[in-house]
Amino acid sequence: MQTRLHKRHTLILTYSLYIMKVDEYDIQLYNPQLRGKKFEVPPTKRKIFGKVERTLEVGGITSIVGLRRVGKTILVKQLLNSLIDRGREVFYFSFDEERYAVQDGLDSVIRTALEIMDSPIVALDEISRIRGWSGIVKKYHDAAGIRFLLSGSSSLEITKGKESLAGRLHDIYLPPLQYMEFVSFLRGRDPEEGPVMDLLNPERTFARLKDRRCLEQFISRGGFPELVGAGDDDFARKYIISSTVEKIIFEDLPKAFDIKDENALFRIWELVSANPSMLFVPSNLEHVIGLSRETISRYLFYLERAYLVNSVFREGSVTSKMRKGRKVYPPTACIAYQIGRDDTSMGAVAETAVLDKLLNGFGMKVRFHSGKGRSEVDFIADGIPIEVKYQATITPSDHHNLVGYMRKRGVSRGVMVTRSNSGRVETKYGTVVMIPLELFLQLEKMTSA
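Quick note on numbering: the sequence shown equals residues 18 to 466 in our numbering.
Take a look at the structure:
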């Protein structure tokens, strides 16, 4: 790759009022391609890799957002290696250091990229640490046509930059590690594509699925690439709290929102994570949390924005949904397992894994049904009713709520995610397809068409 990197130790960029310096050492450190090398990253790629690659080719500004520690920086560097292989000019810089994490530093870094390269794709990591970053990126994108790839530990600040980058910013959400990705990371190869389950002919799908024997590991270590193969639960729990949650609650969120009580915010997260599928009604939690219902609602919204909580609303009108509360879950089964430990049933952990799959694996719109008495159905995903029964045996009574919903709504197919039972159960009102959790998590898609 041809570059015009100055031989002197420091690149000096002169402005009208000041001189900003970007050390050549830092440029070389962050850009191994300038030394004829590549970025050092694991070979196994996330499933979303191809989508981000295609989005970059479209142009504009691409940002990768998501929960902390799910692998955004690794994904960026893998993308840059792919671009290098195709002969493209790339430039990478991380704003970890305080001296660069200011607007002047950002401006200088981008100018440096233009100084040493002709038409680079500029990747800026930890850009969320710079207040007002979007205006500078917009300036160079509009004036010089630079393509940017942005990422950062705090996705909140990147998402907030949308307002000034309207029509230019393409957000791509990187979800927690999914089951088939987890298996691929364990075995050191790129993820396989799972089968599509046709609920009209489930046997064909069952024949293509196989037991990967990784479910227990996924439940306790899934979601975070750095936990794949990790030794014990104590390490995993400390990793989740110290490397992810505490940084979001005590660092990222207070920078983005007006938060008076970070400890109360942490208590709300802990309550949700230890009690997956709990019905979250702020007025019932005022004495537990020690905050007003309005503040509790606001804090839950912040946790959702930071990808620390998934909310599922009930079917019905907007007024009904808000008045009767919502069910709340941590983003991964691993968090539910590690935070709840013995106090959290495996049924609730399995329910969390199913929701993660519906939202992030299938990309479905999810609600829950709550009728008279206790006739609740865990999830209604794009019209398909789904119950989670992670237990040793399944009895006819376990189908009651699912079949009741099918009768009421005129739906001919329902799904029951189980511990080990598989097959189909024919009823007067339609077919219930039973599929073990380990196999359900392997599916690429689910359809009743």
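C-beta atoms are modelled at their ideal positions from N, C-alpha and C, and glycine is treated no differently.
Predicted, not measured: the structure shown is a model, and the values here were computed from it.
* To do: Return the Cβ separation of S181 and D142 in integer angstroms, given the expectation that the two are a contact with Cβ distance under 8 Å.
  => In the sequence shown, counting from the first residue as 1, residue 181 sits at position 164. In the sequence shown, counting from the first residue as 1, residue 142 sits at position 125. The beta-carbon separation of S181 and D142, rounded to 20 Å, does not stay under the 8 Å limit for a contact.
* Assign I144 to one of three DSSP states: helix, strand, or coil. => Locating residue 144 in the sequence shown gives position 127, where the first residue counts as 1. Looking at I144 - three-state DSSP - the assignment turns out to be helix.
* Asked: Assuming F385 contacts R331 under a Cβ cut-off of 8 Å, what Cβ separation, rounded to an integer in Å, is found between them?
  -> The count along the sequence shown starts at 1 and reaches residue 385 at position 368. The count along the sequence shown starts at 1 and reaches residue 331 at position 314. 6 Å between Cβ atoms; contact.
* Of all the options C351, A365, G83 and I403, which has the alpha carbon lying nearest to the alpha carbon of V345? -> By 1-based counting over the sequence shown, the position of residue 345 is 328. The candidate whose alpha carbon is nearest that of V345 is A365.
* Does the distance from the C-beta atom of V326 to that of P348 stay below 9 Å? -> As a working mapping, residue 326 is identified with position 309 in the sequence shown. As a working mapping, residue 348 is identified with position 331 in the sequence shown. Contact: yes.
* To do: Please classify D395: does DSSP put it in a helix, a strand, or coil?
  => Translated into the one-based positions of the sequence shown, residue 395 becomes position 378. If DSSP states are grouped into helix, strand and coil, D395 belongs with the strands.
* To do: Following the continuous alpha helix (DSSP H) through M303, name the residue where it begins and the one where it ends.
  => In the sequence shown, residue 303 corresponds to position 286, counting from 1. Note on identity: in this sequence residue 303 is Glu, with Met being the wrong assignment. Note, E303: alpha helix (DSSP H), E303 to I306.
* **Residue closest to Q408, alpha-carbon to alpha-carbon, out of L296, R424, M363 and G421** => In the sequence shown, the residue the question calls residue 408 occupies position 391. That would be M363, whose Cα lies nearest to the Cα of Q408.
* Asked: Between I127 and V139, which are expected to be in contact by the criterion C-beta below 8 Å, what is the C-beta distance as a whole number of angstroms?
  -> On the sequence shown, position 110 is the one that residue 127 refers to. On the sequence shown, position 122 is the one that residue 139 refers to. Yes, they are in contact, since the Cβ atoms of I127 and V139 sit about 6 Å apart, within 8 Å.
* For T412, count neighbouring C-beta atoms within 10 Å of its own C-beta (all shown protein chains included) and say buried if the count is 16 or more, exposed if not. => Counting from 1 along the sequence shown, the entry for residue 412 is found at position 395. Burial call: exposed.
* Asked: Rounded C-beta distance between G240 and A281? I'm assuming under 8 Å.
  -> Mapped onto the sequence shown, residue 240 falls at position 223. Mapped onto the sequence shown, residue 281 falls at position 264. Incorrect: roughly 25 Å between the Cβ atoms, too far for contact.
* To do: Taking only the alpha-carbon atoms, compute the straight-line gap between I189 and R164 and give it to the nearest angstrom.
  => Mapped onto the sequence shown, residue 189 falls at position 172. Mapped onto the sequence shown, residue 164 falls at position 147. Taking the straight line from one Cα to the other gives about 15 Å.
* Asked: Can you name, in chain order, every residue of its own chain whose Cβ lies under 7 Å from the Cβ of E461, other than the five neighbours on each side?
  -> Position 444 of the sequence shown holds residue 461. Counting only Cβ-Cβ distances below 7 Å, and skipping sequence neighbours, we find E210, G211, P212 and V213.
* Asked: CB K425 to CB G388, shorter than 9 Å?
  -> For the purposes of this step, residue 425 is identified with residue 408 of the sequence shown, where counting begins at 1. For the purposes of this step, residue 388 is identified with residue 371 of the sequence shown, where counting begins at 1. Yes.
* To do: Using a threshold of 9 Å, state whether the C-beta atoms of A367 and V262 are closer than that.
  => Start at 1 with the first residue of the sequence shown, and residue 367 comes out as number 350. Start at 1 with the first residue of the sequence shown, and residue 262 comes out as number 245. Contact check for A367 against V262 fails: the beta carbons are separated by 9 Å or more.
* To do: Pick out whichever of A253, S314 and E70 has its Cα sitting closest to the Cα of N301.
  => Stepping through the sequence shown from its first residue, residue 301 is reached at position 284. The option with the nearest alpha carbon to N301 is S314.
* Express the C-alpha separation of L51 and K406 in angstroms, rounding to a whole number. => Indexing the sequence shown from 1 puts residue 406 at position 389. Indexing the sequence shown from 1 puts residue 51 at position 34. Computed Cα separation, rounded: 55 Å.
* Asked: In this structure, what does DSSP give as the bridge partners for N327?
  -> Sequence index remark: in the sequence shown, residue 327 carries index 310 (1-based). Bridge partners of N327: Y346.
* To do: Going by DSSP, name the residue or residues bridged to V450.
  => One-based indexing of the sequence shown puts residue 450 at position 433. BP columns for V450 point to V432 and R441.
* With respect to the alpha helix (DSSP H) encompassing T312, which residues constitute its N-terminal and C-terminal limits? -> The sequence position of residue 312 within the sequence shown is 295, counting from 1. T312 -> alpha helix (DSSP H) spans R310 to R322.
* Drop a sphere of 10 angstroms on the beta-carbon of N218, count the other beta-carbons inside from all chains shown, and report buried for 16 or more, exposed for fewer. => Taking the first residue of the sequence shown as 1, we reach residue 218 at position 201. N218 is exposed by the Cβ-count criterion.
* How is the beta strand (DSSP E) around I403 delimited, first residue to last? -> In the sequence shown, the residue the question calls residue 403 occupies position 386. Following the DSSP letters along the chain, one finds I403 inside the beta strand (DSSP E) bounded by residues I401 to K406.
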